[in-house]
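**Q** Handing you this structure, nothing more for now.
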Amino acid sequence: MPAIVTLTMNPALDISTTAECVGPTDKIRCSEPRYDPGGGGINVARIVRVLGESVVAVFPVGSATGGVLGGLLDKEGVWTRRIPIDGATRESFTVDEDSSGEQYRFVLPGPRLTRAQQEQCLVMLEEVARDARFIVASGSLPPGTPPDFYDRVAATAHGLGVRCLLDTSGESLQRSRFGVYLLKPSIRELRELSGDDLADEADRLAAARRLVDGGRCEVVVLSLGAGGALVVTAHSAARFAALPVAIRSGVGAGDAMLAGITVGLARNQPLHDAVRLGIAAGAAMLRMPGTRPCRREEIEMLFHRAPAAVSVDGARIES
Ligand SMILES: Nc1ncnc2c1ncn2[C@@H]1O[C@H](COP(=O)(O)OP(=O)(O)OP(=O)(O)O)[C@@H](O)[C@H]1O
Ligand SMILES: [Mg+2]
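Okay, so the sequence shown: first residue is 5 according to this note's numbering, each after it adds one.
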């Protein structure tokens, strides 16, 4: 069984296309669509696979859309364990407007999961992750799922002795209190969680430390977009510069980053090298149009260029 298992409670079939101009009323003629499997944990699994590691993606599926999504993952070599549901797996629709270069992203809420189906997801996760080393839970929760659901995922991981990495936002981030190994909020998500604008590094460091001291996680990887990342543990704090890249699409940088970090950890790299692999994967993803996954050689080339960690305020750099 693979060392890495991902959980995606609200997967989506990502459909991307282009149009000359997006506007009201008139039919918008689009180019031939591209279909990609999507949703936080699934995006992570795809990049883990790109990096050459085995991975199992656990997620609920319903209707023909779910079947298409699962089939696309099969083709990419991502192993899947699917929990059948009555509702239809959602579709997300991205249109790149040629005339302006703007991107329009339409995201649907996803099907409601019953309590029984939520339980089935946890049971499946527990079964699949029994011999794993990492569970990566990422993405929004579908309608009907309580906002503290990820606490149950964290408890499952804890019970198995598996490290849990979590990337979520809003209420589900707010309500995740059980304690995970690693949290990856973006600055936007940490601002929302802390209710503070976190204008300078000292404020960001303090907010991240509060998460660690409050027992929510052992490591915070605060991603700062073009500003790179701040990595905080109980005894260390380090900043990582981003790699300058020509951006084709902002989609999926955070998921690719989490994939790189998880692969680095699974290869027993020190935390700061795993984060550098994450920064490289995030940057490689930005160079790809739409939801197309980045390439391994690109990530590896960027990894060698990724700057070393710099200590914040003389704090230790975690290895
Ligand atoms: N404009 C950029 N230039 C260079 N690197 C970037 C840029 N944007 C993102 N990255 C890289 O990707 C990582 C993750 O990006 P970001 O902080 O935007 O997280 P995110 O999860 O994609 O954001 P959110 O969930 O809020 O949409 C960053 O830490 C950085 O390394
Ligand atoms: Mg994100």
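The beta-carbon is built from N, C-alpha and C at its ideal position, and this holds for glycine as well.
Buried or exposed: Leu228, going by 16 or more other Cβ atoms within 10 Å of its Cβ?
**A** When all chains shown are included, Leu228 counts as buried.
**Q** Cβ of Ser180 within 7 Å of any heavy atom in ligand 1?
**A** The answer is no for Ser180.
**Q** Starting from Arg156, follow the alpha helix (DSSP H) in both directions and report where the run begins and ends.
**A** Arg156 -> alpha helix (DSSP H) spans Phe153 to Leu164.
**Q** Which runs of the alpha helix (DSSP H), 4 residues or longer, sit entirely within the segment 68-139?
**A** Entirely contained in the segment 68-139, the alpha helix (DSSP H) runs reaching 4 residues are, in chain order, 119-132.
**Q** Considering Arg213, what are the terminal residues of the alpha helix (DSSP H) in which it resides?
**A** Its alpha helix (DSSP H) spans residues Glu205 to Asp217.
**Q** Measure from the alpha carbon of Leu169 to the alpha carbon of each residue in Ile19, Leu275, Leu187 and Arg179, then state which is nearest.
**A** Considering only alpha carbons, the answer is Leu187.
**Q** Excluding the 5 residues flanking Ala246 on each side, which residues of the same chain have their C-beta closer than 6 Å to its C-beta?
**A** If we look at Ala246 and ignore the five residues flanking it on each side, its Cβ neighbours are Ala230 and Gly232.
**Q** So for Ala141, helix, strand or coil by DSSP?
**A** The answer is strand: DSSP assigns Ala141 an E or B state.
**Q** Taking the CB atoms as reference points, tell me whether Ala203 and Val316 lie closer together than 8 Å.
**A** Their beta carbons are not under 8 Å apart, which means Ala203 does not touch Val316 by this criterion.
**Q** Pull up the distance between the alpha-carbon of Ser103 and that of Ser180, whole angstroms please.
**A** The straight-line gap from Cα to Cα measures roughly 42 Å.
**Q** For ligand 2, I want to know if Asp171 counts as a neighbour, meaning its beta carbon is within less than 7 Å of at least one of the ligand's heavy atoms.
**A** Correct: Asp171 has its Cβ closer than 7 Å to ligand 2.
**Q** Between the alpha carbons of Thr29 and Phe110, how many angstroms are there, rounded?
**A** The alpha-carbon atoms of Thr29 and Phe110 are separated by roughly 17 Å.
**Q** Report the option in Glu222, Leu197, Glu302 and Ala310 whose CA atom is closest to the CA atom of Leu55.
**A** It is Glu302 whose Cα lies nearest to the Cα of Leu55.
**Q** With distances taken from CA atoms, which of Gln178, Leu197, Gly294 and Ala313 is nearest Ile19?
**A** Closest option to Ile19, Cα to Cα, is Gly294.
**Q** Helix or strand or just coil, what does DSSP make of Ile251?
**A** If DSSP states are grouped into helix, strand and coil, Ile251 belongs with coil.
**Q** Please tell me whether Leu290 and Ala257 are closer than 8 Å, where the distance is taken between their beta carbons.
**A** The answer is yes: Cβ separation under 8 Å.
**Q** According to DSSP, what are the bridge partners of Ser20?
**A** Looking at the DSSP assignment, Ser20 forms a beta bridge with Arg38 and Thr98.
**Q** Return yes when the C-beta of Gly231 is under 7 Å from any heavy atom of ligand 2, and no when it is not.
**A** Result no, Cβ not under 7 Å from ligand 2.
**Q** For Asp259, which of helix, strand or coil comes out of DSSP?
**A** The answer is helix: DSSP assigns Asp259 an H, G or I state.
**Q** Can you say whether Arg280 is buried or exposed, counting buried as having 16 or more other CB atoms within 10 angstroms of its CB?
**A** When all chains shown are included, Arg280 counts as buried.
**Q** Using 8 Å as the threshold, is the C-beta distance between Val62 and Val26 below it?
**A** Going by C-beta atoms, Val62 is not nearer than 8 Å to Val26.
**Q** For Asp217, would you say it is in contact with chain D, using Cβ-to-Cβ distances shorter than 8 Å as the test?
**A** Absent from the structure is chain D; it holds one protein chain and no more.
**Q** Can you tell me whether Ser58 is helix, strand or coil according to DSSP?
**A** If DSSP states are grouped into helix, strand and coil, Ser58 belongs with coil.
**Q** Give me the Cα-Cα distance between Glu175 and Pro151, rounded to the nearest whole angstrom.
**A** Spanning the two alpha carbons is a distance of roughly 6 Å.
**Q** May I have the straight-line CA-CA distance separating Met292 from Tyr185, to the nearest angstrom?
**A** So the alpha carbons of these two residues sit roughly 30 Å apart.
**Q** Check whether the segment 29-38 and the segment 112-128 touch, using three or more Cβ-Cβ pairs below 8 Å as the test.
**A** The segment 29-38 vs the segment 112-128: no contact.
**Q** I'd like to confirm something about Ala312: is its beta-carbon nearer than 7 Å to some heavy atom of ligand 1, or not?
**A** Not under cutoff, so the answer is no.
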